[in-house]
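Chemist: Taking the numbering used here, the leading residue of the sequence shown gets 153, the next gets one more, and so forth.
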Amino acid sequence: MNILVTGGAGFIGSNFVRWWARERPRDTVVAYDLLTYAGNRESLVGVPHEFVQGDIGDIDVAMNAMREYEIDTIVNFAAESHNSYAITNPGVFFQTNVVGTQRLCEAVRRIGVDKFHRFHHVSTCEVYGDLDLDATEPFNESSPYAPRTPYNASKAGGDHAVRAYSETFGLPISITNCANNYGPFQFPEKVIPLFATRAIDDLDIPLYASTQNRREWIHADDHCRAIAMILDNGRVGETYHVGTGEERSIEEIADAVLAALGKPASLKKIVPDRPGHDRRYLLDHSKIKAELGWEPLVGFKDGLGETVQWYEANREWWEPLKERAPVDETAAWK
Ligand SMILES: NC(=O)c1ccc[n+]([C@@H]2O[C@H](COP(=O)([O-])OP(=O)(O)OC[C@H]3O[C@@H](n4cnc5c(N)ncnc54)[C@H](O)[C@@H]3O)[C@@H](O)[C@H]2O)c1
153 MNILVTGGAG FIGSNFVRWW ARERPRDTVV AYDLLTYAGN RESLVGVPHE
203 FVQGDIGDID VAMNAMREYE IDTIVNFAAE SHNSYAITNP GVFFQTNVVG
253 TQRLCEAVRR IGVDKFHRFH HVSTCEVYGD LDLDATEPFN ESSPYAPRTP
303 YNASKAGGDH AVRAYSETFG LPISITNCAN NYGPFQFPEK VIPLFATRAI
353 DDLDIPLYAS TQNRREWIHA DDHCRAIAMI LDNGRVGETY HVGTGEERSI
403 EEIADAVLAA LGKPASLKKI VPDRPGHDRR YLLDHSKIKA ELGWEPLVGF
453 KDGLGETVQW YEANREWWEP LKERAPVDET AAWK
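1) Which of the three DSSP states is assigned to Tyr433 in this structure?
2) Note down the Cα distance separating Asp454 from Ile263, rounded to an integer number of angstroms.
3) Would you say Phe347 and Ala411 are within 7 Å of each other, going by their C-beta atoms?
4) Quick check: the Cα distance between Tyr463 and His375, rounded to an integer number of angstroms?
5) Can the beta-carbon of Asp425 be found closer than 7 Å to that of Ser362?
6) Per DSSP, what kind of secondary structure is Asp384 in: helix, strand or coil?
7) Report the CB separation of Phe271 from Tyr280 in whole angstroms; it is logged as a contact under 8 Å.
8) For Arg219, I'd like the list of residues in its chain whose CB is within less than 8 Å of its CB, leaving aside the five on either flank, ordered along the chain.
9) Would Asp356 and Lys439 be called neighbours here (beta carbons separated by less than 7 Å)?
10) Need the endpoints of the alpha helix (DSSP H) that Cys257 sits in, please.
11) Any heavy atom of ligand 1 within a distance shorter than 6 Å of the CB on Ala230?
12) Identify whether Trp446 lies in helix, strand or coil by the three-state DSSP scheme.
13) Candidates Arg432, Pro177, Ala161, Gly414: which alpha carbon is nearest Glu289's?
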């Protein structure tokens with residue numbers, strides 16, 4: 153397999169490149185990344201791979217990369233991904249996540265859809281909007297899209313573009329909607345590394361006022377393995393949910409990070425909610441379990457502990473990134 157991993161220098165993309173290079177060393181893996189503030193080649197040091205710096209929205213550069221490496225499989229992780237940044241700069245989200253995704257599909261169409269085994273698009277639980285905290289039914293693959301934020305809406309738009317290219321032009325697609333990921337190499341703007349890196353330095357950690365809002369958590373390795381199984385045996389044209397059922401409130405996350413680091417609860421600081429803050433997402437992942445036998449392997453307690461330790465041990469990776477973050481998560485309470 154010759155696989156193009158867009159967003160391959162980002163959090164999940166770099167974990168995927170590392171996973172693929174380790175598990176399928178005979179394949180050619182090409183990381184294709186624009187290297188925005190969130191992209192970091194340091195995340196791929198020591199991992200055998202090819203690298204192309206490019207925008208998914210640049211059809212010529214994307215086609216050249218696909219031709220040069222005789223790409224037969226694409227996994228599209230490239231996106232603007234941070235909800236807080238989407239509030240200050242929504243346009244770039246629609247540009248990359250909708251128009252960029254469409255143009256990447258167009259590059260494939262121009263080369264010829266029959267030359268591709270699969271175009272796998274990575275989406276999120278957030279396209280469905282949010283659930284009541286006491287809802288009993290999770291989202292399933294037939295739930296209606298009802299995004300509430302610019303990030304969610306732009307991801308939803310990208311999903312529609314991918315499905316349109318499948319129905320209209322025969323692009324051999326699959327899509328995953330995944331729960332919240334955690335693990336090593338996640339940019340320190342996101343909640344778990346934000347809490348961990350601040351607590352390591354004995355700084356306050358900011359909890360949005362709706363401290364009981366919940367998220368479902370998955371280790372990035374489990375997500376990567378799910379995508380590999382879908383590329384191997386998933387049905388073309390299908391959407392699969394990738395979740396764990398491991399829900400935690402924001403307060404529970406803060407407590408778990410502090411406990412893992414042996415830091416006091418007094419570091420928790422309540423800050424105003426961000427606008428449009430979703431209450432809860434939860435995915436029904438019975439389809440991928442029944443069809444492909446996928447199940448998460450990393451338990452949340454162990455995975456979180458290892459992740460927090462990784463941030464303790466890798467200051468030189470995350471410290472320079474702090475000043476690249478486009479949003480100061482603590483600005484509201486300075
Ligand atoms: N992190 C999560 O919890 C989560 C959950 C479900 C789905 N997802 C999806 O998974 C994907 C990866 O998320 P992540 O957390 O790794 O994000 P990330 O922000 O860490 O990485 C995104 C990468 O995409 C690159 N990029 C941005 N715009 C680009 C463009 N126009 N062309 C090429 N590259 C570009 C960036 O440089 C960066 O390396 C995204 O599509 C996201 O929506 C993430």
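Ideal placement from N, C-alpha and C gives every residue a C-beta, glycine not left out.
Owing to the predicted nature of the structure, the values given are computational and were not obtained by experimental measurement.
Modeler: So, from the listed chains and residues:
1) coil
2) Roughly 44 Å between the two C-alpha positions.
3) no
4) 20 Å
5) In this structure, Ser362 lies closer than 7 Å to Asp425 by Cβ.
6) helix
7) Not quite, the Cβ-Cβ distance comes to about 22 Å (not below 8 Å), so this is no contact.
8) Ile263
9) no
10) 253-263
11) yes
12) coil
13) Arg432
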